[in-house]
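K.L.:
To convert, note that position 361 of the sequence shown is 361 in the UniProt record's numbering; the numbers rise steadily by one, no gaps.
Cβ coordinates follow ideal geometry from the N, Cα and C atoms, glycine included.
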Amino acid sequence: MYLVNPAIGGVLVSGPSGSGKSLLLHAASSLARGRRKLSVPANLTTDRLLGSLDIQSTLETGKIAHAPGLLEEADGQLLLVDHMNLMPQTIMKEIVNVLSTGRFHVQREGVSAERNSRFMLLAAMDPEEGIPSPPLLDHFGFYVAMDHIGELETRGEIIRRALQFEGDRPAFRDRYLSAEDALHLRLEAAARSLSGVAVSEEMIQLSASIAHQSGSSSSRAELCLTEGAKAVAAWEGREEVTSDDVREAAEYALPHRMRSAAEKQGTSRSTSEEREGEEHSVSSKEEEVIRSQAPVRPHDDHELNRQHDLSGDSSFDSDLKTGSDKADGQSDGRDEQVLPPDETFSIKPLDLDMKQREFHHEGPGKRNQTRALQQQGRSIGFMNPSNRHKTDVAFDATIRAAAPFQRFRPKRKGLAFVIEPDDLRQKKKESRVGATLLFVVDASGSMAARKRMKAVKGAILSLLQDAYVKRDQIGMIAFRKGQAELILPVTRSVDAASKQLKGIPTGGKTPLAAGLVKGYETLLSEKRKNKGTWPVMIVVSDGRANESFTGLSANPDIWNECLAIARRIGAEGIPSLVLDTEQGYVRLGRAQQLAEALGAEYRMLDHTDDQRLLSTLRSTLS
1 MYLVNPAIGG VLVSGPSGSG KSLLLHAASS LARGRRKLSV PANLTTDRLL GSLDIQSTLE
61 TGKIAHAPGL LEEADGQLLL VDHMNLMPQT IMKEIVNVLS TGRFHVQREG VSAERNSRFM
121 LLAAMDPEEG IPSPPLLDHF GFYVAMDHIG ELETRGEIIR RALQFEGDRP AFRDRYLSAE
181 DALHLRLEAA ARSLSGVAVS EEMIQLSASI AHQSGSSSSR AELCLTEGAK AVAAWEGREE
241 VTSDDVREAA EYALPHRMRS AAEKQGTSRS TSEEREGEEH SVSSKEEEVI RSQAPVRPHD
301 DHELNRQHDL SGDSSFDSDL KTGSDKADGQ SDGRDEQVLP PDETFSIKPL DLDMKQREFH
361 HEGPGKRNQT RALQQQGRSI GFMNPSNRHK TDVAFDATIR AAAPFQRFRP KRKGLAFVIE
421 PDDLRQKKKE SRVGATLLFV VDASGSMAAR KRMKAVKGAI LSLLQDAYVK RDQIGMIAFR
481 KGQAELILPV TRSVDAASKQ LKGIPTGGKT PLAAGLVKGY ETLLSEKRKN KGTWPVMIVV
541 SDGRANESFT GLSANPDIWN ECLAIARRIG AEGIPSLVLD TEQGYVRLGR AQQLAEALGA
601 EYRMLDHTDD QRLLSTLRST LS
């Protein structure tokens, strides 16, 4: 369909490793005769993508000249991107933006120009390696899902054809040449007849209705759906689009844009800020479709290098008072319960998106791209050296900086090219760091009553499945009965977590302040041990604290004590997420106040079950 009608706007093929998606991409590109195939390398830099200084021309003329980049070379051609979800986001965003607009602006190294580029885009991804953000997915007109090849007969045929291909490649190609020629002729005929395909008002309304029912908020959905339906009609030799054409095109135009009914209802209750955040998160319905078809707002991370514990800070302790809070008091006589974790669920790998935030970190990991302080990581560009000791020189950028001045610099004996200290440029590198996700969970009697702890346990075990791949760590603190306990030390081990989580009791009062302090101390300790980690505190509570940090319930300012502690933690710049489990007709809204004090992302869980908790974590941490 895309080869018949390029107005569809790009095709993304998704499937597990070994499903043949890369082979399909290259096979499809062979049918696009008349278009040159250009593959996007995984290590592509912005210079190569947009273009840079033409060194040879600049040296010869003494005037700055521009050398075209990959986007300019792709004009009128076919661009292939394999493992699209592993490409740098800045590169992919630039590619899909040019795909949509047909133009881009170059402004670098003394060059400022507007360039046009109209190309076709075929991309492939493995959803198990991470799912791109919805805005990026939405730029692709069609989404094609592939599955594992399970049929014995098909797998046998793959072996036979592979052996035949390796045995005699020319003969193998000749065997299928006539079928390929016939397919190409039909594609050309369909493309020629496309302009004569009519779309009735009834079919326009049907396309809009189907797109609306899918929950897609993007107008691209119905446009791509309509263009796809036209391609189907042209392929079948019809002069008018039918309802069957629309429904067939919908199978490819809508899966990556769908939202669940629960999310659509939740959007109407969200604040404008929450709605903005949800536009950048992969929805549970959309992810369910992607995965089934193919088996906090975190704040800037400041260095947590204080050399004392929070509890030992005299200025901090001066903010804490003692007394009682009888209005929110809960009975301490609840029976303790030990709830087993819910079953684990296959969830989207958490994509703790750093937005456009750039911060400096050292350390291993696969989750977040960061600007590295060490001389490790992939080069993503260049910069002026930050100090007098110029190391890790970007030779290409240095030569481009010196090239325009060669005709005016005095010749030096034995030097064909003169580089001055001011010409030196340093490599800008990017590496990845892992995250430490610490759950600070209310284990009081209210959590047991609603089976909330059961859901939290199931969510942690599910997240650990992804954490193992991403080199993340997950821990859990439970606060109850006057104390906060690290019941799951920070770990990557699913087995260890499963054993530890089974025996967590619930019941008693709610020492929220103690939980916050313990969470801070734990993340501070992890930060000291592993400077490369990215700490995230996830607080699960209704905020109804009724026991002070000191363990005394006679403090009338228990809530102010909690807010004071939260503000101090927020001042440290620790990214946080508050999940509000408060229910009932009378709601105090204290969890939201706590989130404001922490400077954290806030989400309300109307129904605290495993699916809702996982869905909220997906939408907020992605």
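Should the region 47 to 58 be regarded as contacting the region 10 to 21, the criterion being three or more beta carbon pairs within less than 8 Å?
P.N.:
no
K.L.:
Nearest-angstrom Cα distance between alanine 401 and aspartate 423?
P.N.:
6 Å
K.L.:
With a CB to CB cut of under 7 Å and the five nearest residues on each side skipped, what residues in its chain are close to leucine 74?
P.N.:
Per the sequence shown, residue 74 should be read as alanine rather than leucine. Only Leu38, Ser117 and Phe119 meet the Cβ criterion.
K.L.:
Do the region 168 to 186 and the region 199 to 217 make contact, defined as three or more Cβ pairs closer than 8 Å?
P.N.:
no
K.L.:
Taking the alpha-carbon of alanine 416 as reference, which of Ala496, Ala403, Asp47 and Arg425 has the nearest alpha-carbon?
P.N.:
Ala403
K.L.:
Tell whether a beta-carbon distance below 7 Å holds between leucine 486 and isoleucine 477.
P.N.:
yes
K.L.:
To the nearest angstrom, report how far apart proline 127 and methionine 146 are at their CA atoms.
P.N.:
11 Å
K.L.:
Are the beta-carbon atoms of arginine 247 and alanine 221 separated by less than 7 Å?
P.N.:
In this structure, alanine 221 does not lie closer than 7 Å to arginine 247 by Cβ.
K.L.:
What would DSSP say about serine 541, mapped onto helix, strand or coil?
P.N.:
strand
K.L.:
Please confirm whether any heavy atom of the ligand ADP lies closer than 6 Å to the CB of leucine 99.
P.N.:
Of ligands this structure carries none, so the ligand ADP is not represented either.
K.L.:
Have a look at residue 669 and valine 517 and give me their C-alpha separation to the nearest angstrom.
P.N.:
This structure does not reach residue 669, given that the chain is present from 1 up to 622, and the question cannot be answered.
K.L.:
How long is the line joining the alpha carbons of lysine 454 and leucine 86, rounded to whole angstroms?
P.N.:
34 Å
K.L.:
What does DSSP give as the partner residue(s) for phenylalanine 142 in the beta ladder?
P.N.:
Answer is Val11, bridged to phenylalanine 142.
K.L.:
Please confirm if the region 37 to 52 is in contact with the region 170 to 182, defined as three or more CB-CB distances below 8 Å between the two stretches.
P.N.:
no
K.L.:
Alpha carbon to alpha carbon, what distance is there between aspartate 138 and valine 296?
P.N.:
Caution is warranted here: a pLDDT of 32 is assigned to valine 296, below 50, making its placement in the model unreliable, and no coordinate value can be reported.
K.L.:
Mind the definition here: the region 537 to 545 touches the region 589 to 597 only if three or more C-beta pairs lie below 8 Å; say whether that holds.
P.N.:
yes
K.L.:
What are the start and end residues of the alpha helix (DSSP H) that includes lysine 37?
P.N.:
That residue, lysine 37, is in no alpha helix (DSSP H); its beta strand (DSSP E) goes 37 to 39.
K.L.:
Looking at valine 98 and valine 40, is the spacing between their C-beta atoms short of 7 Å?
P.N.:
Between valine 40 and valine 98, the gap from beta carbon to beta carbon reaches 7 Å or more.
K.L.:
How close, in whole Å, do the beta carbons of glycine 508 and glycine 573 come, if the pair is a contact with beta carbons under 8 Å?
P.N.:
Contact flag wrong, Cβ pair sits at about 32 Å.
K.L.:
Suppose contacts are defined by Cβ-Cβ distances below 7 Å. Is phenylalanine 104 in contact with isoleucine 8 by that definition?
P.N.:
Contact: no.
K.L.:
Consult DSSP for glycine 18 and reduce its assignment to one of helix, strand or coil.
P.N.:
Three-state DSSP puts glycine 18 in coil, outside helix and strand.
K.L.:
Should phenylalanine 479 go down as buried or exposed, given a rule of 16 or more other Cβ atoms within 10 Å for buried?
P.N.:
buried
K.L.:
Can you name the residues that DSSP bridges to glycine 475?
P.N.:
Leu438
K.L.:
Taking the alpha carbon of glutamate 253 as the reference point, which residue from Leu121, Met84, Leu12 and Glu420 has its own alpha carbon closest?
P.N.:
The question names glutamate, yet the displayed sequence has alanine at residue 253. Cα-wise, what sits closest to alanine 253 is Leu12.
K.L.:
With a threshold of 7 Å on Cβ separation, who are the neighbours of glycine 196 within its own chain once the five nearest residues in sequence on each side are excluded?
P.N.:
Glu239
K.L.:
For proline 535, which residues does DSSP report across the bridge?
P.N.:
Thr436
K.L.:
Which residues in the same chain as glycine 266 place their Cβ atom closer than 6 Å to its Cβ, once the five residues preceding and following it in sequence are excluded?
P.N.:
Residue placement at glycine 266 is poorly supported in this model, since its pLDDT is 44, which falls under 50; the coordinates still yield a value, given next. Nothing listed; no residue qualifies.
K.L.:
For histidine 66, which three-state DSSP category applies?
P.N.:
In the structure shown, histidine 66 sits in a strand (DSSP, three-state: E or B).
K.L.:
For threonine 90, which residues of its own chain have a beta-carbon under 6 Å away from its beta-carbon, when the five flanking residues on both sides are left out?
P.N.:
none
K.L.:
So is tyrosine 585 buried or exposed if we call it buried at 16+ other beta carbons inside 10 Å?
P.N.:
Counting Cβ neighbours within 10 Å, tyrosine 585 comes out exposed, since fewer than 16 surround it.
K.L.:
Go ahead and label glutamine 500 buried or exposed: buried means 16 or more other beta carbons lie within 10 angstroms of its beta carbon, across all protein chains shown.
P.N.:
buried
K.L.:
Specify the secondary structure class of glutamine 483 as computed by DSSP and reduced to three states.
P.N.:
strand
K.L.:
For tyrosine 602, count neighbouring Cβ atoms within 10 angstroms of its own Cβ and tell me buried if that reaches 16, exposed if not.
P.N.:
Buried, by the Cβ-count rule.
K.L.:
Report the option in Pro511, Gly458 and Lys502 whose CA atom is closest to the CA atom of glutamine 483.
P.N.:
Pro511
K.L.:
Determine the direct distance from the alpha carbon of glycine 69 to that of aspartate 319, and round the result to whole angstroms.
P.N.:
Any reading at aspartate 319 must be qualified, since the residue scores a pLDDT of 41, below 50, and its modelled position is unreliable; no value is offered.
K.L.:
Per DSSP, methionine 104 forms a beta bridge with which residues?
P.N.:
The sequence shown places phenylalanine at residue 104, not methionine. By DSSP's assignment, phenylalanine 104 forms a beta bridge with Arg115.
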